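Protein chains in written order, with our numbering: chain A, 3 to 235; chain B, 3 to 235.
Single-structure report; data block below.
2 protein chains.
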Amino acid sequence: MNATDDALTILRTRSLSGVLEREIEKAILGGEIPPGKRVNENLLATRFGTSRGPVREALRALEGLGLVELIPNRGVFIRQPAVEEAIEIYDVRTVLFGLAGKLLAARITDAEIARLKGYLEQMEAAARSRDFDRYYPLNLAFHEFIIDACGNATLAAQYRGLVKKLHLFRARSLVQGGGLEVSNLEHREMVEAVTARDPERAQRAHSDHVARAKARLLAAYQKAEAQAPRLTN
Amino acid sequence: MNATDDALTILRTRSLSGVLEREIEKAILGGEIPPGKRVNENLLATRFGTSRGPVREALRALEGLGLVELIPNRGVFIRQPAVEEAIEIYDVRTVLFGLAGKLLAARITDAEIARLKGYLEQMEAAARSRDFDRYYPLNLAFHEFIIDACGNATLAAQYRGLVKKLHLFRARSLVQGGGLEVSNLEHREMVEAVTARDPERAQRAHSDHVARAKARLLAAYQKAEAQAPRLTN
DNA sequence: CAACTGAAAACTGTCAACAGTTTGCAAAGC
DNA sequence: GCTTTGCAAACTGTTGACAGTTTTCAGTTG
Chain A
3 MNATDDALTI LRTRSLSGVL EREIEKAILG GEIPPGKRVN ENLLATRFGT SRGPVREALR
63 ALEGLGLVEL IPNRGVFIRQ PAVEEAIEIY DVRTVLFGLA GKLLAARITD AEIARLKGYL
123 EQMEAAARSR DFDRYYPLNL AFHEFIIDAC GNATLAAQYR GLVKKLHLFR ARSLVQGGGL
183 EVSNLEHREM VEAVTARDPE RAQRAHSDHV ARAKARLLAA YQKAEAQAPR LTN
Chain B
3 MNATDDALTI LRTRSLSGVL EREIEKAILG GEIPPGKRVN ENLLATRFGT SRGPVREALR
63 ALEGLGLVEL IPNRGVFIRQ PAVEEAIEIY DVRTVLFGLA GKLLAARITD AEIARLKGYL
123 EQMEAAARSR DFDRYYPLNL AFHEFIIDAC GNATLAAQYR GLVKKLHLFR ARSLVQGGGL
183 EVSNLEHREM VEAVTARDPE RAQRAHSDHV ARAKARLLAA YQKAEAQAPR LTN
């Protein structure tokens with residue numbers, strides 16, 4: 003994509019409310035506006051130098067994404083998923099990611115295999131040196147790559163929406179729970195399955211990976227709950 | 003839910019743009035505004051006796067649902083999924099419905115089993131007498147019941163969104179393709195699997211059902227394409 | 001001192017108007 | 001006759017203002 007294309011894309015996808023939607027989403031996911039809190043339309047409008055109209059439109063779009071909740075005459079509130087919802091999301095993610103693995107195994111190119119293996123090696127290196135700051139973005143890119151390369155845009159959109167909602171989960175710090183090495187063993191099996199171009203095996207490997215992440219989260223959560231029960235309310 | 007509750011719910015969920023969203027969605031899914039066509043904000047505003055503000059908000063919400071597309075300075079257009087997207091949707095639906103079956107098998111009550119069997123018998127009766135007009139709403143209710151009873155609201159929301167998008171598929175009349183009897187055999191296996199409270203079997207039965215529906219759609223589509231190629235553009 | 005009451009402030013819901021862009025159409029030029 | 005150009009109508013994007021509701025808080029009462 004060259005500079006002209008880029009400018010055109012910007013012009014085509016601009017529209018104040020579209021930009022606002024992304025900015026507000028960033029503010030929400032970045033934790034700038036804490037979950038449960040009401041969003042003040044006037045504040046946002048003055049902050050971005052616009053009127054309330056576009057802000058309201060952006061908020062309605064975010065409501066569709068499930069990031070905020072709209073209560074008539076009271077305003078929009080940042081959603082705050084309970085554990086139960088986080089579990090629901092993990093269950094859905096499990097089958098979606100499994101499908102991504104299955105589809106990927108059926109269509110992956112040699113170049114893509116090489117790239118996956120590259121991620122894997124880097125992650126294993128980072129895990130060996132316990133370098134979590136290097137591991138985390140690699141892990142993210144690895145999963146993003148699979149979701150994109152599977153070739154199903156509908157799946158990718160749904161998956162991304164779920165991950166965003168999970169970011170609002172109050173105990174999301176626990177999501178990281180579970181050792182780097184354990185996770186990497188699962189990653190290796192995923193890569194081997196798609197390398198073998200075995201859809202069924204890949205589906206199992208990919209969904210098992212998310213299912214185990216769910217189990218790790220639950221374990222960490224129940225442990226945290228036992229230590230500080232107020233976290234669960 | 004009594005009358006007071008009902009009134010409260012209405013009051014709480016009203017808000018002009020919320021009502022508009024549902025009304026406009028109805029107009030779109032009902033085919034009143036044909037796919038590909040631009041939606042005129044002024045027309046909608048005068049039709050519902052409001053100003054353009056709430057209409058725009060409702061349209062932004064519908065954009066999030068994937069029913070319309072927003073092109074800056076040109077307006078919103080009813081989305082028109084290509085075959086490729088319909089296929090994507092069916093693939094995602096396959097795993098989602100499979101998950102619904104799995105979850106349902108693990109939690110279904112005797113009363114719910116009885117209800118499912120009731121649907122099944124009525125559908126079989128309708129199929130025997132080739133009464134499609136009676137079969138169709140039963141089939142819909144049967145699937146809705148499974149999605150609701152599985153206990154995963156996230157799954158249900160995603161599933162419903164996909165079904166709505168499928169309604170915009172130009173050749174959606176083909177979705178019905180496939181005999182009533184064939185479909186009912188699959189329904190019977192689904193019900194038997196959840197009755198046996200066997201999650202794995204139920205998951206397989208439920209996802210196979212959608213996967214076969216996808217195959218039937220594809221076969222019908224390719225047949226229609228051969229007869230009238232312009233349909234595919 | 002705690003609970004209640006009522007008015008003021010803050011905020012959301014809606015509207016009508018204005019600015020800027022796109023689209024449709026008719027006249028001019030080749 | 002066909003393309004091009006320029007204008008006018010239609011429509012979208014955005015704004016500021018007003019109406020109605022909720023929230024806050026000081027004053028009052030038991």
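Note that the Cβ used here is the ideal one computed from N, Cα and C, for glycine as well.
Remember, predicted model here, so these are calculated numbers, not experimental data.
Residues sharing a beta bridge with residue i, DSSP
i	result
Glu71(A)	Phe79(A)
Ala41(B)	Here residue 41(B) is Val; the residue named in the question, Ala, does not match the sequence. According to DSSP, which records beta bridges pairwise, Val41(B) is partnered with Val78(B).
Residue i burial status per 10 Å Cβ neighbour count (16 or more: buried)
i	result
Gly38(B)	exposed
Lys225(B)	exposed
Gln229(B)	exposed
Phe99(B)	buried
Leu142(B)	exposed
Asp93(B)	buried
Ala116(B)	exposed
Glu90(B)	buried
Asn154(A)	buried
Phe171(A)	buried
Ser131(A)	exposed
Glu293(B)	Past the boundaries of the shown model lies residue 293(B); chain B is included only from 3 to 235, so the question cannot be answered.
Phe134(A)	exposed
Ile12(B)	Because the pLDDT of Ile12(B) is 44, which lies under 50, any placement of that residue in the model is unreliable, and the question is left without a value.
Leu233(B)	At Leu233(B) the pLDDT is 42, less than 50, meaning the model places this residue with poor confidence and gives no usable figure here.
Glu86(A)	exposed
Arg62(B)	buried
Arg76(B)	exposed
Ala113(A)	exposed
Ala221(B)	exposed
Glu183(A)	exposed
Gly120(B)	exposed
Ile148(B)	buried
Glu65(A)	buried
Gly51(A)	exposed
Arg40(B)	exposed
Ser53(A)	exposed
Asn235(A)	For Asn235(A), the predicted structure reports a pLDDT of 36, less than 50, and the residue's modelled location is therefore unreliable. A value from the coordinates is still provided. Label assigned to Asn235(A): exposed.
Gly33(B)	exposed
Ile35(B)	buried
Ile30(B)	buried
- Members of the segment 52–63 of chain B near chain A, C-beta cut-off 9 Å: Gly55, Arg58, Glu59, Ala60, Leu61, Arg62, Ala63
- Message: For the segment 146–164 of chain A, list every residue whose C-beta sits within 9 Å of some C-beta in chain B, in sequence order.
- Response: Listed by position, the residues of the segment 146–164 of chain A near chain B (Cβ gap below 9 Å) are Gly153, Asn154, Ala155, Thr156, Leu157, Ala159, Gln160, Gly163, Leu164.
- Message: Would you call the segment 102–117 of chain B in contact with the segment 197–215 of chain B, where contact means no fewer than 3 C-beta pairs closer than 8 Å?
- Response: yes
- Message: Under 8 Å: do the segment 19–30 of chain A and the segment 43–62 of chain A share three or more Cβ pairs, one atom per stretch?
- Response: In this structure the segment 19–30 of chain A lies against the segment 43–62 of chain A, because at least three pairs of beta carbons, one per stretch, are closer than 8 Å.
- Enumerate, from N- to C-terminal direction, the unbroken alpha helix (DSSP H) stretches of 4 or more residues contained entirely within the segment 103–174 of chain B. Considered as a whole, the segment 103–174 of chain B harbours 112–130, 134–151, 155–169 as its complete alpha helix (DSSP H) runs of no fewer than 4 residues, in chain order.
- Query: Relative to chain A, which residues along the segment 96–108 of chain B have a C-beta separation below 8 Å, given in chain order?
  - Reply: Thr96, Val97, Leu98, Gly100, Leu101, Leu105
- Hey, is the segment 69–87 of chain B in contact with the segment 81–89 of chain A, meaning 3+ C-beta pairs nearer than 8 Å? no
- Item | Cβ-based contacts, 7 Å cut-off: residues of the segment 75–95 of chain A near chain B | Glu87, Glu90, Ile91, Asp93, Val94
- Segment contact flag, the segment 121–135 of chain A with the segment 204–224 of chain A, C-beta cutoff 8 Å, min 3 pairs: no
- Query: Taking any Cβ of chain A, which residues in the segment 211–227 of chain B have a Cβ under 8 Å from it, in chain order?
  - Reply: none
- Does the segment 56–69 of chain B come within contact of the segment 187–197 of chain B, defined as at least 3 CB pairs closer than 8 Å? no
- Task: Taking only runs that begin and end inside the segment 184–231 of chain B, name each unbroken alpha helix (DSSP H) of 4 or more residues, in chain order.
- Result: Residue ranges of uninterrupted alpha helix (DSSP H) with 4 or more members, entirely inside the segment 184–231 of chain B and ordered along the chain, are 201–229.
- Query: Of all the residues that make up the segment 124–147 of chain B, which are near chain A by a beta-carbon distance shorter than 7 Å?
  - Reply: none
- Item | Positions along the segment 18–31 of chain A whose CB lies within less than 9 Å of some CB in chain B | Ser19, Gly20, Glu23
- Item | Short-range partners of chain B found in the segment 36–50 of chain A, where Cβ spacing is below 7 Å | none
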